[in-house]
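Note that this note's numbering has the sequence shown beginning at 2, numbered continuously upward.
Here the structure is laid out as structure tokens; the discussion comes afterwards.
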Amino acid sequence: MRNKLAVVAITLAVALLFSTAPAKAGKPTTTVVPVDILLSNQCTGEDVNLTGTLTFWSDTDIKNGIAHIRIHTILDLSGVGGTSGNNYSFHSVQNFASNVKADGTSGEFNTVLNETFISQSGADNLRVHGSVHVTVNANGDVTVERTDVDIECVG
Numbered sequence: 002m003r004n005k006l007a008v009v010a011i012t013l014a015v016a017l018l019f020s021t022a023p024a025k026a027g028k029p030t031t032t033v034v035p036v037d038i039l040l041s042n043q044c045t046g047e048d049v050n051l052t053g054t055l056t057f058w059s060d061t062d063i064k065n066g067i068a069h070i071r072i073h074t075i076l077d078l079s080g081v082g083g084t085s086g087n088n089y090s091f092h093s094v095q096n097f098a099s100n101v102k103a104d105g106t107s108g109e110f111n112t113v114l115n116e117t118f119i120s121q122s123g124a125d126n127l128r129v130h131g132s133v134h135v136t137v138n139a140n141g142d143v144t145v146e147r148t149d150v151d152i153e154c155v156g
């Protein structure tokens with residue numbers, strides 16, 4: 002779970018870095034960065050050194066004083082297990098959307114994450130689905146905060 006949260010945190014940190022709303026709407030941007038990370042497959046307990054790319058797409062549009070921010074990330078990685086020598090692939094897709102008043106007083110944030118950690122040898126595969134919704138009112142109070150995470154090992 003610790004490694005899974007690290008991947009989510011890294012993805013969100015990168016997303017937030019690029020999501021600052023400009024003074025006016027801009028063209029969507031796409032950035033691709035190399036990734037080299039060591040993750041533990043929670044289904045097999047094996048550490049896997051994974052390499053690949055993180056593709057980050059973002060778009061901001063401001064209408065009627067509300068900033069609409071959309072972020073889409075795709076993480077495609079592959080690697081070899083440190084103990085077994087099995088080949089693994091890791092795929093993650095995350096969609097983030099927020100609608101925030103331009104003055105920053107209120108808004109809502111939604112993100113959905115789907116990840117798979119696939120063993121090419123027939124060992125159990127890890128599937129993760131997560132979603133988060135947060136609503137902040139004009140007083141700055143969080144009025145809704147929902148987090149749902151489903152983690153399963155499937156063979």
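Quick reminder that beta carbons are idealized off the backbone N, C-alpha and C, glycines included.
Of the residues the options, the one placed nearest residue i, counting alpha carbons only
| i | options | result |
| --- | --- | --- |
| residue 94 | 128, 139 and 102 | 128 |
| residue 135 | 126, 61 and 149 | 149 |
| residue 80 | 155, 73, 122 and 113 | 122 |
| residue 65 | 102, 154, 112 and 130 | 102 |
| residue 83 | 36, 120 and 139 | 120 |
| residue 61 | 52, 73 and 47 | 73 |
| residue 29 | 63, 36 and 105 | 63 |
| residue 75 | 43, 36, 40 and 45 | 36 |
| residue 133 | 147, 44, 124 and 142 | 147 |
| residue 57 | 105, 33, 51 and 50 | 33 |
| residue 52 | 45, 40 and 44 | 40 |
Residue i versus residue j - alpha carbon distance
| i | j | result |
| --- | --- | --- |
| residue 70 | residue 85 | 43 angstroms |
| residue 115 | residue 92 | 8 angstroms |
Within 9 angstroms, strictly: CB atoms of residue i and residue j
| i | j | result |
| --- | --- | --- |
| residue 152 | residue 100 | no |
| residue 77 | residue 59 | no |
| residue 109 | residue 155 | no |
| residue 112 | residue 131 | yes |
| residue 126 | residue 107 | no |
| residue 47 | residue 87 | yes |
Continuous beta strand (DSSP E) stretch holding residue i: start and end
| i | result |
| --- | --- |
| residue 37 | 30 to 42 |
| residue 148 | 143 to 155 |
Problem - Segments of 3+ residues assigned as beta strand (DSSP E) that fall wholly inside the segment 60 to 125 - result: 67 to 82, 88 to 102 and 108 to 120
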